[in-house]
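Counting along the sequence shown from 1, when you hit position 313 you're at 625 in our numbering, and nothing is skipped either side.
Notes follow once the structure below has been shown.
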Amino acid sequence: MSLMSKNIFLVFFFFANVVQGITQEVLISKDINVRNDAKFILLGKIQDNLLLFRDKEQKQFVEVFDDQLKYKYQREISLNERGSRIYSVLPSEEHFSIVYGLMDRDSIRFRLRQIDGSGELIDSLQLSALSRKNLSGKFKFSYSLNNEKLLLFTRQKKDELFMLMIDLKEKETLWASKLFLEESSTNVEFKDIVVSNDGQAFFLFEKSNNRYERKSHAFFIYPISGQSDLSVPIEIPYPEYLSKDIHLSLDEHNKQLLLIGLFAEANRSSALGYFYYLSPYNSLASQKINTISFQEDFINEVYGKQRKVNNSLDYYFIKDVLFKQDGSFIWVGEMFKEYFRRTSNPYGRYSRNYDDTGGYVDYYNEDMIVISVDKEGNEDWKKVLYKKQFSQDDDAIYSSFFLMKTPSRIKLLYNDEIKKNNTVSEYMLDPLGNSHRKAVLNTEYENLRLQFTEAIQIGSASLILPSYNASLLNLVKISF
Numbered sequence: 313m314s315l316m317s318k319n320i321f322l323v324f325f326f327f328a329n330v331v332q333g334i335t336q337e338v339l340i341s342k343d344i345n346v347r348n349d350a351k352f353i354l355l356g357k358i359q360d361n362l363l364l365f366r367d368k369e370q371k372q373f374v375e376v377f378d379d380q381l382k383y384k385y386q387r388e389i390s391l392n393e394r395g396s397r398i399y400s401v402l403p404s405e406e407h408f409s410i411v412y413g414l415m416d417r418d419s420i421r422f423r424l425r426q427i428d429g430s431g432e433l434i435d436s437l438q439l440s441a442l443s444r445k446n447l448s449g450k451f452k453f454s455y456s457l458n459n460e461k462l463l464l465f466t467r468q469k470k471d472e473l474f475m476l477m478i479d480l481k482e483k484e485t486l487w488a489s490k491l492f493l494e495e496s497s498t499n500v501e502f503k504d505i506v507v508s509n510d511g512q513a514f515f516l517f518e519k520s521n522n523r524y525e526r527k528s529h530a531f532f533i534y535p536i537s538g539q540s541d542l543s544v545p546i547e548i549p550y551p552e553y554l555s556k557d558i559h560l561s562l563d564e565h566n567k568q569l570l571l572i573g574l575f576a577e578a579n580r581s582s583a584l585g586y587f588y589y590l591s592p593y594n595s596l597a598s599q600k601i602n603t604i605s606f607q608e609d610f611i612n613e614v615y616g617k618q619r620k621v622n623n624s625l626d627y628y629f630i631k632d633v634l635f636k637q638d639g640s641f642i643w644v645g646e647m648f649k650e651y652f653r654r655t656s657n658p659y660g661r662y663s664r665n666y667d668d669t670g671g672y673v674d675y676y677n678e679d680m681i682v683i684s685v686d687k688e689g690n691e692d693w694k695k696v697l698y699k700k701q702f703s704q705d706d707d708a709i710y711s712s713f714f715l716m717k718t719p720s721r722i723k724l725l726y727n728d729e730i731k732k733n734n735t736v737s738e739y740m741l742d743p744l745g746n747s748h749r750k751a752v753l754n755t756e757y758e759n760l761r762l763q764f765t766e767a768i769q770i771g772s773a774s775l776i777l778p779s780y781n782a783s784l785l786n787l788v789k790i791s792f
């Protein structure tokens, strides 16, 4: 294979019932050594370039590539301050934003840098300054679907959260607020958070999710708009079942909030079905949860044989939710489990290579399920999509799948096997649930290890994702 093939190669596959072939164009960047990087973030396409952000703790850089992944240059991003702490790096179509904090003796100063698609500084300004009293500075973040609103939050006291909402488009702080939790933290757990495009935050908490307190089992959704620290939660009782793997999602087109999860009885690893709560997010109400059980024929389809134990799915989790324009939705689940192996080292904890787990980890990412629910709460269709992924001691970074949206189809792309020379496959589904599986490309001789969970869709028919192998990073662009 010629040296030119390191930058571009074409892969041809054919459907059995058509004459012309389907072509995928695959572009690969040069090798990038990231051994000394604390973090790297693929930013996707900004203006006419493809960008990679690299954080080396003391210095930050942006690597700039053209649309064909040809390397152009590197720019250093100087924050000009010691002790700066980066909280978030978010891209948009015209620039990317770095929000970071500067720790003074008595305060935290929140600052914003915005950089264009060429790596040039657009703006640098201070957003706000807050007293460090009771604030650790260890903020987590969440952001809106349009990447314009950013929420920073941290636990201030045992039952108190502090929040800061930032408008990245207008380059200003929208509001700062506190969330006081009325319930004792011993039986209430934080579960999820989403941010709307208009700058509201929704926190999800769960109470008494155990077999001994099931009669008190309930969800609490706190809508926060910054108008008051005294947010009144929406309580949604669910004493019938225990929950497994719950999530919040926002339907911005219809202005709806979706709470969705899997339900179980005593054994929370076995899901008997799924439940959901759907409500306009500007007028949340404590309405009844919809509960849908898995049927025996569906369980048998998943496992490929008659299940003798019960009608449940073991080790399944909800991985993605898509909304349709009419307010209905599709959710995608995946089987995931991990097993800890005992170390073969006879010296155990006294070895210099001792790991806190006391062994190594096997990861299994297997079959997927896709279920479409109409706006009346009925199932349109459901599909089982089979795959087998197994890896060891890699945090499963090469496993799972990427969901790509096109105007008329969705694609689920994944590595068939977790190894260097591997085939990438896809399942393609139409709006009626008809599915087709095919091979997309083969990475043999290219030494690629693709991370589909880190992929970014950059057009209706293109995506970019990292390939990481032995401290060397390549960017890979796939066009259909």
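Heads up, the beta-carbon is just placed ideally off N, CA and C, and yes, glycines get one too.
Remember, predicted model here, so these are calculated numbers, not experimental data.
> Going by C-alpha distance, which of Y455, S430, Q468 and L439 is nearest K445?
Replying inline: Q468
> For R417, which residues of its own chain have a beta-carbon under 6 Å away from its beta-carbon, when the five flanking residues on both sides are left out?
Replying inline: none
> When we look at the beta-carbon of F713 and count the other beta-carbons within 10 Å, is it buried (16 or more) or exposed?
Replying inline: buried
>> Which of the three DSSP states is assigned to D742 in this structure?
In response: coil
> Is Y593 closer than 8 Å to K567 when the C-beta atoms are compared?
Replying inline: yes
> From S582 to F492, what distance separates their C-alpha atoms?
Replying inline: 34 Å
> When the Cα atoms are used, what is the spatial distance from F451 to T466?
Replying inline: 5 Å
> Which class does E613 belong to by DSSP, given the choice of helix, strand or coil?
Replying inline: helix
>> Just verifying my parser: in three-state terms, what is the DSSP assignment at S528?
In response: helix
> Name the DSSP beta bridge partners of G645, please?
Replying inline: I630 and I681
> When burial is assigned at 16 or more other CB atoms within 10 Å of the CB, is K600 buried or exposed?
Replying inline: exposed
>> Assuming the contact rule is C-beta atoms closer than 8 Å, E613 and V696 should be a hit. Round their C-beta distance to whole Å, please.
In response: 5 Å
>> Within the continuous beta strand (DSSP E) that includes Q370, where are the two ends?
In response: Neither: Q370 is in no beta strand (DSSP E) and is coded neither H nor E.
> What did DSSP end up calling Y666 once you bin it into helix, strand or coil?
Replying inline: With a pLDDT of 39 at Y666, under the threshold of 50, the modelled position of that residue is not reliable, and no figure is offered here.
> Are the CB atoms of I389 and R425 nearer to each other than 8 Å?
Replying inline: yes
> DSSP puts E278 in a beta bridge; with which residues?
Replying inline: A query on residue 278 cannot be resolved here, the shown segment of the chain reaching from 313 to 792 and no further.
> Buried or exposed: where does S779 fall if 16 or more other Cβ atoms within 10 Å of its Cβ makes it buried?
Replying inline: buried
> Does DSSP put P778 in a helix, a strand or coil?
Replying inline: strand
> Which residues in the same chain have their Cβ closer than 6 Å to the Cβ of S436, if we skip the five residues on either side of it in sequence?
Replying inline: R425
>> List, from N- to C-terminal side, the beta strand (DSSP E) runs of 3 residues or more that fit wholly inside the region 352-435.
In response: 361-367, 372-377, 383-389, 396-403, 407-415 and 419-428
> Can the beta-carbon of I715 be found less than 8 Å from the beta-carbon of I709?
Replying inline: One detail in the question is off: residue 715 reads as Leu in this sequence, not Ile. Their beta carbons are not under 8 Å apart, which means L715 does not touch I709 by this criterion.
> How big is the Cα-Cα spacing for F365 and I353?
Replying inline: 5 Å
> Of all the CB atoms in chain B, is at least one closer than 8 Å to the CB of R366?
Replying inline: Here there is only one protein chain, and chain B is not present.
> In its own chain, which residues sit with a C-beta less than 6 Å from the C-beta of N458, not counting the 5 before and 5 after it?
Replying inline: N509
> Based on Cα-Cα distance, which residue from F575, E337 and K368 lies nearest to N348?
Replying inline: K368
>> Rounded to the nearest angstrom, what separates G431 and Q438 at their Cα positions?
In response: 20 Å
> Is K717 near S640, with beta carbons less than 8 Å apart?
Replying inline: no
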